[in-house]
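Q: Encoded as structure tokens, here's the structure I'll be asking about.
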Amino acid sequence: MTVDLLPSAALTFLMIFVRVGTLVMLMPVLGETTIPVRVRLVFALVLTLVFYPVIGGLMPAVPTTLGQLLALLFGELVIGFFIGLLVRLVMSALQVAGSVIAMQTGLGFAQSFDASQGQQSAVFSSFLSVLAIALIFVTNLHHLFLAAIFDSYTLFPPGTIPPVEDGLRLGVRIVAESFALGVQISAPFLAFGLIFYFGLGILARLMPQVQVFFVAAPANIMIGFVMFAALLGVMMLWFLSYLENAVTPFLAR
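For reference, each letter of the sequence shown is one residue, going 1 to 253 in full-length UniProt numbering.
Put into structure tokens, the structure is as follows:
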């Protein structure tokens, strides 16, 4: 079956849009669920128009059969999904950190809507996610996301088989490092929780007639907020540095 329904320019635009659109839908900041789908779609179309004059020459020859066309489009979809998902997984470090902080400060029951996840999560996780999105714009890290989208055509040329083994290895490493980063960010609160509840247990043995847990709950929350405010700058600086390093492998050297 010969494909003659669209001119070569339209097919090239379509192949670029499939990868760019998938990346835009998954990338942090660019693909947040709070941004309307139509806005993200228009942004992906505009970005495709901007990339077309440069990337169009890298596209393979126009396929002559429907099977070849579908194979090319599926390959572009997989590459876009893979890169976008890996970068999105980096944001899970804040989810881990926020959940641990909430549990250690007695606010594990407090839930709020998390824009980056599109669901309810710990209040500290939601705050850290929103703050991270704002700081990504302030520090121009979103330029790295756009550069990663553009450079993906150099690292993973259209029509070629991507290095699946290397990609899976990178995915496992990012998942492990993101979880480790979340624990490291919340490490001061883990130490605080251990010391606080250990002291609370000793106090309960020394003064059994006093309901120490009811007395200590406000102190736990207050000290937790003070620590959170004091360490917030360091935590976010650490996260942004890791995010930059995580995106770097997707940039052409």
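Just so it is clear, CB atoms sit at the ideal spot from N, CA and C, and this is done for glycine as well.
Tell me which same chain residues have a C-beta within less than 6 angstroms of the C-beta of phenylalanine 189, skipping the five on either side of it?
A: Against the sequence shown, residue 189 aligns to sequence position 189. Once the five neighbours on either side are set aside, the close Cβ partners of phenylalanine 189 are Ile101, Gln104.
Q: Give the secondary structure of threonine 139 by DSSP, where H, G and I count as helix, E and B as strand, and everything else as coil.
A: Counted from its first residue, the sequence shown places residue 139 at position 139. For threonine 139, the secondary structure class from DSSP, reduced to helix, strand or coil, is coil.
Q: Could you give the distance in angstroms between the alpha-carbon of glutamine 111 and the alpha-carbon of threonine 12?
A: On the sequence shown, position 111 is the one that residue 111 refers to. On the sequence shown, position 12 is the one that residue 12 refers to. Each residue's Cα considered, the two are about 45 angstroms apart.
Q: Exposed or buried, what is proline 163 when buried is set at 16 or more other beta-carbons lying within 10 Å of its beta-carbon?
A: The count along the sequence shown starts at 1 and reaches residue 163 at position 163. Exposed, because fewer than 16 other Cβ atoms sit within 10 Å of the Cβ of proline 163.
Q: Within the continuous alpha helix (DSSP H) that includes glycine 159, where are the two ends?
A: On the sequence shown, residue 159 is found 159 positions in, with the first residue counted as 1. Run containing glycine 159: none; DSSP gives neither H nor E here.
Q: Given a cut-off of 8 angstroms, decide if aspartate 151 and alanine 246 are closer than it, judged by their beta-carbon atoms.
A: Indexing the sequence shown from 1 puts residue 246 at position 246. Indexing the sequence shown from 1 puts residue 151 at position 151. Contact: no.
Q: When you compare the CB positions of proline 158 and proline 60, do they come within less than 8 angstroms of one another, or not?
A: Within the sequence shown, numbered from 1, the residue matching residue 158 stands at position 158. Within the sequence shown, numbered from 1, the residue matching residue 60 stands at position 60. Cβ distance < 8 angstroms, so proline 158 and proline 60 count as in contact.
Q: Taking just the CA atoms, how far does serine 178 sit from isoleucine 185?
A: Stepping through the sequence shown from its first residue, residue 185 is reached at position 185. Stepping through the sequence shown from its first residue, residue 178 is reached at position 178. Taking the straight line joining both Cα atoms gives about 10 angstroms.
Q: Over what stretch of residues does the alpha helix (DSSP H) that includes alanine 102 continue unbroken?
A: Residue numbering aside, residue 102 sits at position 102 when the sequence shown is read from its first letter. Alanine 102 -> alpha helix (DSSP H) spans 92 to 104.
Q: Which residue marks the beginning of the alpha helix (DSSP H) containing glycine 21, and which one marks its end?
A: In the sequence shown, residue 21 corresponds to position 21, counting from 1. Unbroken alpha helix (DSSP H) run through glycine 21: 8 to 26.
Q: Quick check: the stretch 28 to 44 against the stretch 62 to 80, are at least 3 beta-carbon pairs closer than 8 angstroms?
A: Fewer than three beta-carbon pairs drawn from the stretch 62 to 80 and the stretch 28 to 44 are found closer than 8 angstroms, and the two stretches are therefore not classed as touching.
Q: The alpha helix (DSSP H) that contains glycine 199, what's its start and end?
A: The residue labelled residue 199 in the question sits at position 199 within the sequence shown. Run containing glycine 199: 187 to 206, per the alpha helix (DSSP H) assignment.
Q: Which residue comes first and which comes last in the alpha helix (DSSP H) that contains alanine 44?
A: Counting from 1 along the sequence shown, the entry for residue 44 is found at position 44. Residues 37 to 55.
Q: State buried or exposed for asparagine 140, treating a residue as buried only when at least 16 other CB atoms are found within 10 Å of its CB.
A: Here residue 140 refers to the residue found at position 140 when the sequence shown is read from its first residue. The residue in question, asparagine 140, is exposed, as its Cβ has fewer than 16 Cβ neighbours within 10 Å.
Q: Let's see if you can read the secondary structure: which residues bound the alpha helix (DSSP H) around methionine 227?
A: As a first step, residue 227 is located in the sequence shown; it is residue number 227 there, counting from the start. Methionine 227 -> alpha helix (DSSP H) spans 212 to 247.
Q: Shortest alpha-carbon distance to alanine 191 belongs to which of Gly167, Met236, Ile223, Ala217?
A: Along the sequence shown, one-based indexing puts residue 191 at 191. With distances taken between Cα atoms, alanine 191 lies closest to Ile223.
Q: Which whole-angstrom value describes the C-beta separation of leucine 94 and alanine 44, a residue pair presumed to lie in contact below a C-beta threshold of 8 angstroms?
A: As a position in the sequence shown, residue 94 is number 94, starting the count at 1. As a position in the sequence shown, residue 44 is number 44, starting the count at 1. Their Cβ separation, rounded to whole angstroms, is 25 angstroms, which puts leucine 94 and alanine 44 out of contact at 8 angstroms.
Q: Report the CB separation of phenylalanine 196 from asparagine 220 in whole angstroms; it is logged as a contact under 8 angstroms.
A: Position 196 of the sequence shown, counted from the first residue, corresponds to residue 196. Position 220 of the sequence shown, counted from the first residue, corresponds to residue 220. About 6 angstroms; that satisfies the 8 angstroms criterion.
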